[in-house]
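In our numbering, the protein residues as written are 151 to 364.
First comes the structure, then the notes that go with it.
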């Protein structure tokens, strides 16, 4: 049992705190507020990141959902200070060999990873997601709920997937990609590009005296 420090104090940090509590192994969880962040964590458990006492080896978990901010924190805080990035996995998603020796991974409830699948450092899977067998997920990729891939998929670093995205078997996802809610990816994607689903909801005005099916 030990203390865990979350790097972040916003709404996503509260979700990560609950995941850490469910995973167990921590007697106390505290928060560090990021510059400009709308902190909602308990004030008595929160200090500004600039004021936090974080000696080398301190157990920490990234608690920001912004991929670019996460990468900045990895490169300027976690690695230079030699902090101990722990992984937390919900019991309903464990055990998973996909973790290997990955650091700083967060996996929510109801996730499945196929055989010979590997997950990179600092990756987040929210809940109810699956990754097909013989696939690779790069570092610092953030996956929203209900994400699914076929087998033999390769996902680069620093990728963000919105809710209910799907990836066709054998597809390679370029690093730095952004995929909006409901995107179905059936071919390889370019690095640092944003993708939107082809079908979008349209709002049409209703007119008095016109039947719904006219």
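Think of the CB as a built atom: it goes at the ideal place given N, C-alpha and C, for glycine as much as any other residue.
### Query
Which partner residues of residue 336 appear in the DSSP bridge assignment?
Beta-bridge pairing links residue 336 to no other residue.
### Query
When the Cα atoms are used, what is the spatial distance from residue 236 to residue 184?
Straight-line Cα distance between these residues: approximately 19 Å.
### Query
Roughly how many angstroms lie between the CA atoms of residue 273 and residue 351, to the nearest whole one?
30 Å
### Message
Can you tell me whether residue 220 is helix, strand or coil according to DSSP?
### Response
Helix, per DSSP.
#### Entry: Rounded straight-line distance, which links the Cα of residue 311 to that of residue 303
14 Å
### Query
With distances taken between CB atoms, is the gap from residue 172 to residue 234 smaller than 9 Å?
no
### Query
Cβ of residue 178 within 9 Å of Cβ of residue 194?
Not a contact, by the Cβ cut-off of 9 Å.
### Task
Could you pull the start and end residues of the beta strand (DSSP E) that residue 212 belongs to?
209 to 212
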